[in-house]
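Scroll down for the structure; my scribbles are underneath it.
2 protein chains.
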Amino acid sequence: MSLTVGVIGGGQLARMMVPAAVELGIEIRVLAESAAASAQIAASAVGDYRSRDDVLRFAEGVDVITFDHEHVPQDVLHALVDSGVAVRPGPDALLYAQDKLLMRDRLSALGLPVPDWASVVSTEELASFIGDHGGRAVVKTPRGGYDGKGVRVVSDADEVADWFVAGEPLLVEELVDFRRELSQVLARRPSGEIALWTVVESVQRDGVCAEVIAPAPGSSSKLVDVAAEVATAVAENLGVTGVLAVELFETTDERLLINELAMRPHNSGHWTIDGAATSQFEQHLRAVLDLPLGSTAMRDPWSVMVNLFGGPIVERYPAALADQPGVKFHAYGKEPRPGRKAGHVTAGGDDLDEVAFRARAAAAFFEE
Amino acid sequence: MSLTVGVIGGGQLARMMVPAAVELGIEIRVLAESAAASAQIAASAVGDYRSRDDVLRFAEGVDVITFDHEHVPQDVLHALVDSGVAVRPGPDALLYAQDKLLMRDRLSALGLPVPDWASVVSTEELASFIGDHGGRAVVKTPRGGYDGKGVRVVSDADEVADWFVAGEPLLVEELVDFRRELSQVLARRPSGEIALWTVVESVQRDGVCAEVIAPAPGSSSKLVDVAAEVATAVAENLGVTGVLAVELFETTDERLLINELAMRPHNSGHWTIDGAATSQFEQHLRAVLDLPLGSTAMRDPWSVMVNLFGGPIVERYPAALADQPGVKFHAYGKEPRPGRKAGHVTAGGDDLDEVAFRARAAAAFFEE
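Listed in order, the protein sequences are those of chains A and B.
Under our numbering, the first residue of the first sequence is numbered -5, with each subsequent residue one higher.
Under our numbering, the first residue of the second sequence is numbered -5, with each subsequent residue one higher.
Pasting the structure below:
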């Protein structure tokens, strides 16, 4: 017997599943977008994740299909299920990661804490929402957005007039007065077992995650409990299997509101590779294979992850590695491109200031 | 620019370099013995490490060649060097890992501590050595032995009469009255930088490493210093690059004697994957690429590694992973075969007894 996991999508999330698979002795195969994909070392096929034929052919002989991203169309997901292969997370869960309007609607129906929101189909409806919420709001395209794309903060409905042209409804949300952004990452098995890492603070710049601090500094035990309860409720009610990241706003009046969901390993969990007993990538593989989950204990009291953008990375190792022998360096094997997530660094230790200093000092060698 | 390492040999040591390479963004290619090799995920070619043509073809386009094992013949190694590719460790160092007589001779000439030894070409010479050393001795074939193969403890020279048939000299050594076996693992760059992990205790069963305890319990600071000095002297004088393991006897009269050398990642260093800031596999890649070495600090006060023999491994994960959520499990993707190293488990923590208990409890699920 061997265990074989098929991953649709060859980005850095698939790439970072490879070390965990190799260590555990699990066979990993990737359906990559191109031969130069980040996860190319495990690519068993190059193909289009929107093509039923490509995906069904790729899935032959694997024990379970999982994902580098949430963009596989529902008809392709259902074709996989109909072919008899295990798909984790399944189409009925992924739906809520694919469509932000459905997500907001479902979370509201479950009574989970979300910002005020509405589905709007016209500038008039949007203008009305903006007027009711202090003159500003966040507008999101329900599908296809990531890393700040498909998101605009507006004070006038005309600022997204171009988005209404498509005729599809848009999601509008109140502009939350938040103190900081948090993320609660967990993994859930089909059999129901759930394991949560500590809740972390995610520092965004220009709508993109720049830095993650684990655990979120100065968190009350109540905040920690609520974050865990909310994320657990999402996982259980939406039937998520594998890793789930629940991005949260901590408001200035000490509430937690759900911002976004990701049903896959997530940037806010990269610190777990070096900072936790079980990384989110190992845990994701265990979870989708319905194997018992590993300990989520931290290896150090503090862990700080800083993203590296653009690249090049490896070229700058001689100076960076010499300067920071205790920092862990990660490069995604991508062609350098401005603003692109090209790698990350993680530091761990007993003192947050010192840990953050080391991680940032290491990252500074790779600044664009 | 990218960095590309070519590894000759597709066993578990090459396999365990893959996660480190993927995380660092280093391209790794393996010349594997077969398509079913343990390191198959990184195999760019299947070929014979004794074939100059196979090896030279494999080496095209890589920045450095390194090894899963020490068996590449000297003429092939020199052909690589002559072709202009960096070979680390180089042929002049590997010679001493390939031939135990040359190794003993060189270490003796350097004044490093070794057991009494001799090169013998006849049962008469061997009988004389045995007579001079209390009636027992250890006889070794100079080449090709590993994991207890090519080693016999004898009290009568006729017990290795079959080995003399080949006409080659044999190595005979005193049977050292040792308290325990230790291993000092380090890495050295071509530029000279050296980084040592803590000295560990290696528990052997039937001539094969069964368990490793890091650090070696109850070691005096003098023992720690001497182990580091001896291993550093070996690395520097033999010009080793990459990882070097120096296996040592700690005698009942508190001396350290060099037993064996390995110029590659070594079983006594597997604990570093989970137990040290930088694993021996990451450090080996850094060293052979002449990149700055990483911290060798331990992640926990104690780390215990237990080998898994035979297999199957993955099939027994459901029970084992559920029982030991904090233990790290490693499987080498090999077909089950009695006595074969098929994987290992590592536990870490503050209390040696508890750590050893957990590692052994996890390993017990895989007993043959």
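Glycine included, each C-beta is placed from N, C-alpha and C at the ideal position.
What you are looking at is a predicted structure, and each value in this text was computed from that prediction instead of being measured.
Pro312, Leu315, Ala316, Pro319, Gly320, Phe323, His324, Ala325, Tyr326 and Gly327: these are the residues of the segment 312 to 334 of chain B whose beta carbon lies less than 7 Å from some beta carbon of chain A, given in chain order. Contact check for A:Ala353 against A:Met299 passes: the beta carbons are separated by less than 8 Å.
Counting only unbroken stretches of 3 or more residues, the beta strand (DSSP E) elements lying wholly within the segment 191 to 220 of chain B are 194 to 199 and 202 to 208, in sequence order. The beta carbon of B:Gly138 is closer than 8 Å to those of His65 and Gly144 in its chain, skipping five residues each way along the sequence. Contact between B:Leu176 and B:Arg98 is absent: CB atoms are separated by about 19 Å, not below the 8 Å threshold. For B:Thr117, the enclosing alpha helix (DSSP H) stretches over residues Thr117 to Asp126. Against chain A, the CB of B:Ile207 has no partner CB under 8 Å away; the residue lies outside that interface. Fewer than three beta-carbon pairs drawn from the segment 279 to 294 of chain A and the segment 321 to 334 of chain A are found closer than 8 Å, and the two stretches are therefore not classed as touching.
Between B:Thr340 and B:Val321, the gap from beta carbon to beta carbon is short of 8 Å. Taking a Cβ-Cβ threshold of 8 Å, none of the residues of chain B is close to A:Arg354; the smallest such distance is about 18 Å.
In this model, B:Pro136 and A:Thr(-2) are separated by some 42 Å (Cα to Cα). Put simply, the segment 4 to 13 of chain B touches the segment 31 to 44 of chain B. At least three CB pairs are less than 8 Å apart. Going by DSSP, B:Met11 is part of the alpha helix (DSSP H) stretching over Gln6 to Leu18. A:Ala291 has a beta carbon lying within less than 8 Å of a beta carbon in chain B. At a cut-off of 8 Å, the C-beta of A:Gly19 has a neighbouring C-beta in chain B. Taking the Cβ atoms as the reference, B:Val133 lies roughly 5 Å from B:Arg146, within the contact range of under 8 Å. Using a Cβ-Cβ cut-off of 8 Å, A:Pro13 counts as an interface residue toward chain B, since at least one Cβ of chain B sits closer than that to its own.
Contact between B:Val224 and B:Pro107 is confirmed by a C-beta separation of about 7 Å, below the 8 Å threshold. Excluding five sequence positions before and after B:Pro163, the CB atoms of its chain that fall closer than 8 Å to its own CB belong to Leu95, Ser113, Val114, Val115 and Pro136, given in chain order. A direct Cα-Cα distance of roughly 11 Å separates B:Leu50 from B:Val56. A distance below 8 Å separates the beta carbons of B:Ser77 and B:Ala53. Here A:Ser289 is not bridged, per DSSP, to any residue. Under the 8 Å criterion on CB atoms, A:Arg9 is classed as interfacial with respect to chain B. At a cut-off of 8 Å between C-beta atoms, A:Ala29 does not count as an interface residue with respect to chain B. Collapsing the DSSP output to three states places A:Lys94 in a helix. Contact between the segment 255 to 266 of chain A and the segment 76 to 93 of chain A is present, with at least three C-beta pairs closer than 8 Å.
Take B:Leu232, set aside five residues on each side of it, and the residues of its chain with a beta-carbon closer than 6 Å to its own are Ala87 and Tyr90, in chain order. When A:Glu230, A:Gln34 and A:Cys203 are compared, the shortest CA-CA separation from A:Trp265 is found for A:Cys203. Between the alpha carbons of B:Asp152 and B:His127 lies a distance of about 16 Å. The residue among B:Leu18, B:Leu250 and B:Val154 with its C-alpha nearest the C-alpha of B:Val170 is B:Leu250. Here B:Pro83 is buried. Its C-beta has 16 or more other C-beta atoms within 10 Å. Within the DSSP secondary-structure output, B:Gly342 pairs in a beta bridge with B:Ser297. Using a Cβ-Cβ cut-off of 8 Å, A:Pro295 does not count as an interface residue toward chain B, since no Cβ of chain B sits closer than that to its own. In the displayed model, B:Leu302 falls within a strand according to three-state DSSP. With a threshold of 8 Å between beta carbons, A:Leu(-3) makes contact with chain B. B:Ser113 is bridged by DSSP to B:Leu165.
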